[in-house]
Amino acid sequence: MKKTKPIFIKLLLIILPLTLAAEIIALLVIYALTYESTIDQYKKKVQLVSTEIASVFEGCDPSNPEDYSSFNWYLNSVCSMTDMAYIYCIVPNKEDNSIKYMSIGFGEDATTEARVTHYPGLVIKNAAHPEEFDAINGKLTDNIREEHNKYGDTLISYSPVTQHYDAATDSIVKGDITMVVGAEMSITEIVRTFRRTFIMIMVYLSLVSTLIVLGILAVVYKKVSLPAREISRRMSGYVTNRETEKREEKLSVKGNDEFALMAVSFNTMTEEIDRYIDHIDTLTRDKHTQEAELNIARRIQMGLLQPERKSDARLDLHAYILPAKDVGGDLYDYQILEDGRVFLAIADVSGKGISAALFMSRAVTLLHQFMLTETSPAKILAEYNDTLASQNPSGLFITTFLAVWDPVTEKLTYSNAGHNFPYILSDSLIRLQGAHGVAAGLFEGEEYENETVRLKAGDTFFLYTDGVNEAKNTEGKFYSTERLEEKLAACSKNAKADALQIILDDLNSFTQGADQNDDITMLSLNILPKSDRITLSLRSELSELTKIKEAILGLAIGGDMKKTLYLAAEEIFVNICSYAYDTPDEVEVGIDLTDRVELCFIDGGKPFDPTADVLNIDEYDHDHRIGGLGRFLVFSVADEYSYEYTDHKNILRLYFQQEEN
Amino acid sequence: MTVTKTLKNDTLTVAVEGWIDTLTAQQYHEALQDLEGAKNVVLDFSGVEYVSSAGLRETVALYRAVCANGGTLSIRRVNPDVLKVFQLTGFDKKFDILSD
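Chains H and W, in that order, give the protein sequences. For the first sequence, our numbering begins at 67 and goes up steadily by one. For the second sequence, our numbering begins at 260 and goes up steadily by one.
Okay, here's the thing in structure tokens:
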């Protein structure tokens, strides 16, 4: 930071020269004016003297120097009385430009040299002044002038002697002017005194004004600079210092000037800042708590949803959900029932945030529960709507699309409560159609309709919420249904299974990280091409039964058939686990649906033909535990069977007739 | 699998839900150990979707235990898939068994 230059120094540098310059100018003007008026009175005096003395010589005859001799003492005394340096009567001669002194008087200021060199009767050639001739010729307009000569500053006045005595005629001659009276007064001393006085005045005035300016600036320093520095010191680092330092006392408020006002404002400001910062601190703490709580809420909410990936032999489910805020109002759900049917749901609560999230939690729990107890999507939606609507004080609603796919019939049955219709990616892109029921949660008693469409192996069912098509990019444009359909149509050509990922990538490249306005949710169900053969490589341990059960339940066959198959598989597998090996080893279980249903078990254990010595049920002793009941069941439910021991392996094949659908 | 028992007078009603197979047979077995002093037992099979030989064996064991005590075992509300297994093994003739 630059060093602070006090404001009073700046003011000093401006005001002081200005003041001094103004004083000098003012004094010069006054000087000129007073000089003139002072000198004027002397001029008048000199003029008066020359004029008066001129009349004295009216009775003298210029041709007779004797007439003038008696005037010399007179002129000396007049000089003394009137402070003149010289008074003289001269006769200028135009022909040789000379002057002749007729009479001369010296005053105190007369120089010694002048006293010696000037005397009555002296003729000085080429010394006449033009004014002297002007006086004789009556042309003199102004008979006073100021002259600075070797004797210093002198005032000179010439006056013509307008008549003279002519001894020849013994008469007074008028009009023929021959004599001129000059009076000279030295003003050197006067001017010098005058100037000295002025210089003294100027010096004193400058000193006084400098002191006054310094005084004013001292006041400015105390009243402006010091308070400004104090306020500035308090302001700088106020916010950063307030944590580490004890809060300083308030600025003292003195007087009622601008700085007092500023101090009051500063105090008010610090109070407000303190309050504001305290408020922010509280808010920040609250926000952290709230964020932590929202984080938990989000985990709970996401925990209500099924995993994002689910695959088995027949299908591949893929879900994606991204709430716009910490918690969201979108949901997806699915259920794979034991009979192989697959329920799918996607929904979008009006609104976002906590209220939507709570509503969503309720909705997803209800849907999940209804999927297990009811088979018709329309009925589920109706019941779901009634339950939600019966307790919905906030008036939220939820658009919901619900579908169930039957793997045996390959039919997708669906019902819609105000949601965007999903798509089937088959040979081409198909947008589902049908009744567009009222969004759930608002009105009890709404009814919904079921629609049916074929969803066959190799197809993909794609569901989404409007957070997808209404996603905005940084320019505020929507992703749009058109773009979504375009992409999905492209996917239906060659990338059905990857549709969700492709849409997601395209969506991200579109939005470019723009703020997300709404929850984005997508759900895709890929029906895998039918696999006619399944081979399970297992260990001969009972816990592996679960895998056999899953595989059989996932088959695209009727529910009864599944139970029959599993019954046979369970009994044989338990047998192998119990007898084939001393320690658990490999067992291969094959399922083949190519023609009729075939179950095949291969183990490398002890040779054992399970088809031999099957229990005769009539001999079964209910009262005593005997073995063989399981094997008996297997060969009762299997239509055909074969056993061979080849290559050190027990190979058992069981055949079942597919029931007609 | 869930098992719910209700005792009324000297009759214990045992409602079973789920699959009774090799993996759940042990649980079924344990549930049937304590008959709460009842003489007669009614098995409510309305929630049973599947029974394999392991389930049959445990049911037979229960039958023997009840008979030894001078009581009767009835199996009620059996679903067709399950009934078929009882029929295949001829147990339907031995037990007092009724479908829905």
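Just so it is clear, CB atoms sit at the ideal spot from N, CA and C, and this is done for glycine as well. In this text, all values refer to a predicted model and were calculated from it rather than measured experimentally.
Worksheet item: In chain H, what lies closer than 7 Å to W/Ser312 by C-beta?
Response: Here residue 312 of chain W corresponds to residue number 53 of the second sequence, with the count starting at 1. Residues of chain H passing the Cβ test: Glu637, Leu695, Gly696 and Leu699.
Worksheet item: Taking the continuous alpha helix (DSSP H) assigned at H/Pro158, which residues delimit it?
Response: Numbered from its first residue, the first sequence carries residue 158 of chain H at position 92. Annotation for H/Pro158: no alpha helix (DSSP H) segment contains it, though the beta strand (DSSP E) segment containing it runs Tyr152 to Asn159.
Discussion item. Let me confirm a value: H/Asn727 is counted as buried when at least 16 other C-beta atoms fall within 10 Å, else exposed. Which label applies?
Written reply: For this step, residue 727 of chain H is matched to residue 661 along the first sequence. Residue confidence for H/Asn727 is low, a pLDDT of 44 falling below 50, so the modelled location carries little weight; the figure read from the coordinates is stated next. So H/Asn727 ends up on the exposed side.
Practice prompt. Can you give me the start and stop residues for the beta strand (DSSP E) that H/Gly241 sits inside?
Written response: For the purposes of this step, residue 241 of chain H is taken as residue 175 along the first sequence, with counting starting at 1. First-last of the beta strand (DSSP E) with H/Gly241: Ser237 to Ser252.
Worksheet item: Beta carbon of W/Ile279, beta carbon of W/Tyr309: below 8 Å?
Response: Against the second sequence, residue 279 of chain W aligns to sequence position 20. Against the second sequence, residue 309 of chain W aligns to sequence position 50. W/Ile279 is a Cβ neighbour of W/Tyr309, given a cutoff of 8 Å.
Worksheet item: Hey, quick one: how far does the beta strand (DSSP E) through H/Pro226 stretch, first residue to last?
Response: Start at 1 with the first residue of the first sequence, and residue 226 of chain H comes out as number 160. First-last of the beta strand (DSSP E) with H/Pro226: Gly218 to Asp232.
Fill in: Other residues of its chain near H/Leu570: CB distance less than 8 Å, five sequence neighbours each side excluded
Taking the first sequence and counting its residues from 1, the one referred to as residue 570 of chain H is at position 504. Within the same chain, H/Leu570 has close Cβ partners Tyr386 and Met588.
Fill in: C-alpha distance - H/Phe425 paired with H/Gly507, whole-angstrom precision
Here residue 425 of chain H refers to the residue found at position 359 when the first sequence is read from its first residue. Here residue 507 of chain H refers to the residue found at position 441 when the first sequence is read from its first residue. Those two C-alpha atoms are separated by around 9 Å.
Fill in: Rounded straight-line distance, which links the Cα of H/Leu206 to that of H/Pro226
Along the first sequence, read from residue 1 onward, the residue named residue 226 of chain H stands at position 160. Along the first sequence, read from residue 1 onward, the residue named residue 206 of chain H stands at position 140. Cα to Cα, H/Pro226 sits roughly 9 Å from H/Leu206.
Worksheet item: Using the beta-carbon count (16 or more within 10 Å), is H/Pro83 buried or exposed?
Response: Mapped onto the first sequence, residue 83 of chain H falls at position 17. Within a 10 Å sphere around the beta-carbon of H/Pro83 sit fewer than 16 other beta-carbons, which makes this residue exposed.
Worksheet entry | Interface partners of H/Val640 on chain W, CB under 7 Å | Here residue 640 of chain H refers to the residue found at position 574 of the first sequence. Residues of chain W with a Cβ closer than 7 Å to the Cβ of H/Val640 are, in chain order, Thr281.
Worksheet entry | Range covered by the alpha helix (DSSP H) that runs through H/Ala501 | Stepping through the first sequence from its first residue, residue 501 of chain H is reached at position 435. For H/Ala501, no alpha helix (DSSP H) run applies, since DSSP gives it neither H nor E.
Worksheet item: Comparing the C-beta of H/Leu621 with each C-beta of chain W, is any distance below 8 Å?
Response: For the purposes of this step, residue 621 of chain H is taken as the residue at position 555 of the first sequence. No, its Cβ sits nowhere closer than 8 Å to a Cβ of chain W.
Worksheet item: On the three-state DSSP scale, how would you describe H/Asn361?
Response: Taking the first residue of the first sequence as position 1, residue 361 of chain H is located at position 295. In this structure, H/Asn361 counts as helix in the three-state DSSP scheme.
Worksheet item: Roughly how many angstroms lie between the CA atoms of H/Ala363 and H/Ile568, to the nearest whole one?
Response: As a first step, residue 363 of chain H is located in the first sequence; it is residue number 297 there, counting from the start. As a first step, residue 568 of chain H is located in the first sequence; it is residue number 502 there, counting from the start. Between the C-alpha atoms of H/Ala363 and H/Ile568 there is a straight-line separation of about 30 Å.
Worksheet item: Is any beta-carbon of chain W found at less than 8 Å from that of H/Ser702?
Response: Locating residue 702 of chain H in the first sequence gives position 636, where the first residue counts as 1. So yes, H/Ser702 belongs to the interface.
Discussion item. Under 8 Å, Cβ to Cβ, is there at least one residue of chain H near W/Leu347?
Written reply: Numbered from its first residue, the second sequence carries residue 347 of chain W at position 88. Yes, contact with chain H.
Item to complete: Return the bridge partner residues of H/Leu604 from the DSSP annotation.
Response: Within the first sequence, residue 604 of chain H is the residue found at index 538, counting from 1. Residue pairing of H/Leu604 in beta bridges, as defined by DSSP: H/Val653.
Worksheet entry | the stretch 121 to 129 of chain H touching the stretch 207 to 217 of chain H, judged by at least three CB pairs closer than 8 Å | The stretch 121 to 129 of chain H makes no contact with the stretch 207 to 217 of chain H, as fewer than three CB pairs between them are under 8 Å.
Item to complete: With 8 Å as the threshold, decide whether the Cβ of H/Ile683 is near any Cβ in chain W.
Response: Mapped onto the first sequence, residue 683 of chain H falls at position 617. Yes - at least one Cβ of chain W is within 8 Å of the one on H/Ile683.
Fill in: Every unbroken beta strand (DSSP E) inside the stretch 346 to 426 of chain H [3 residues or more]
If we require 3 residues or more, the beta strand (DSSP E) runs fully inside the stretch 346 to 426 of chain H come out as 375 to 377, 381 to 388, 396 to 402 and 408 to 415.
Practice prompt. Compile a chain-ordered list of the residues in the stretch 322 to 343 of chain W whose CB is closer than 8 Å to at least one CB of chain H.
Written response: Flagged, chain order: Tyr322, Arg323 and Asp340.
Worksheet item: Based on Cα-Cα distance, which residue from H/Asp399, H/Leu718, H/Gly656 and H/Gly696 lies nearest to H/Leu529?
Response: By one-based count along the first sequence, residue 529 of chain H stands at place 463. Shortest Cα-Cα distance from H/Leu529 to any of H/Asp399, H/Leu718, H/Gly656 and H/Gly696 involves H/Asp399.
Worksheet item: What are the boundary residues of the beta strand (DSSP E) that includes H/Ala193?
Response: Taking the first sequence and counting its residues from 1, the one referred to as residue 193 of chain H is at position 127. Careful: H/Ala193 lies outside any beta strand (DSSP E) and carries neither H nor E.
Worksheet item: Given that H/Leu602 touches chain W, what residues does it touch there, using C-beta distances under 8 Å?
Response: On the first sequence, position 536 is the one that residue 602 of chain H refers to. Neighbours of H/Leu602 in chain W, taken as residues at a C-beta separation under 8 Å, are lacking, since the least C-beta distance is about 16 Å.
Worksheet item: What residue range is occupied by the uninterrupted alpha helix (DSSP H) comprising H/Ala99?
Response: The residue labelled residue 99 of chain H in the question sits at position 33 within the first sequence. The sequence as given places Leu at residue 99 of chain H; Ala does not occur at that position. H/Leu99 -> alpha helix (DSSP H) spans Ile73 to Val122.
Worksheet item: In whole angstroms, what is the alpha-carbon distance linking W/Thr281 and H/Leu695?
Response: Start at 1 with the first residue of the second sequence, and residue 281 of chain W comes out as number 22. Start at 1 with the first residue of the first sequence, and residue 695 of chain H comes out as number 629. Approximately 13 Å between the Cα atoms of the pair.
Worksheet item: Assuming H/Thr526 and H/Leu491 make a contact with CB atoms under 8 Å, what is their CB distance in whole Å?
Response: Taking the first residue of the first sequence as position 1, residue 526 of chain H is located at position 460. Taking the first residue of the first sequence as position 1, residue 491 of chain H is located at position 425. Contact between H/Thr526 and H/Leu491 holds, with the beta-carbon distance rounding to 4 Å and staying under 8 Å.
Discussion item. Check this for me: beta carbons of H/Ile614 and H/Ala634, under 8 Å apart or not?
Written reply: In the first sequence, the residue the question calls residue 614 of chain H occupies position 548. In the first sequence, the residue the question calls residue 634 of chain H occupies position 568. No.
Worksheet item: Taking the continuous beta strand (DSSP E) assigned at H/His214, which residues delimit it?
Response: For the purposes of this step, residue 214 of chain H is identified with residue 148 of the first sequence, where counting begins at 1. For H/His214, the uninterrupted beta strand (DSSP E) segment begins and ends at Ile210 to Asn215.
Discussion item. Looking at chain W, is there any beta carbon in it that lies within less than 8 Å of the beta carbon of H/Lys629?
Written reply: By one-based count along the first sequence, residue 629 of chain H stands at place 563. It does: the Cβ of H/Lys629 has a partner Cβ on chain W nearer than 8 Å.
Practice prompt. Return helix, strand or coil for H/Cys666, following the three-state DSSP convention.
Written response: Within the first sequence, residue 666 of chain H is the residue found at index 600, counting from 1. Note: H/Cys666 maps to strand in three-state DSSP.
Worksheet entry | Given W/Leu302 as reference, the closest of W/Leu332, W/Leu342 and W/Ala320 once Cα atoms are compared | Taking the first residue of the second sequence as position 1, residue 302 of chain W is located at position 43. Proximity to W/Leu302 across W/Leu332, W/Leu342 and W/Ala320 peaks at W/Leu332, based on C-alpha coordinates.
Worksheet item: Around the Cβ of H/Trp471, are there at least 16 other Cβ atoms within 10 angstroms (buried) or fewer (exposed)?
Response: Indexing the first sequence from 1 puts residue 471 of chain H at position 405. Taking all protein chains in view, the Cβ of H/Trp471 is crowded by 16 or more other Cβ atoms within 10 Å, so the residue is classified as buried.
Item to complete: Following the continuous alpha helix (DSSP H) through H/Asn535, name the residue where it begins and the one where it ends.
Response: Counting from one through the first sequence, the residue named residue 535 of chain H turns up at place 469. Per DSSP, H/Asn535 belongs to the alpha helix (DSSP H) from Asp532 to Asn535.
Discussion item. Residues of chain W with CB closer than 8 Å to the CB of H/Leu611, please, in chain order.
Written reply: As a working note, residue 611 of chain H is residue 545 in the first sequence. Under the 8 Å cutoff, chain W gives Asp280, Thr281 and Leu282.
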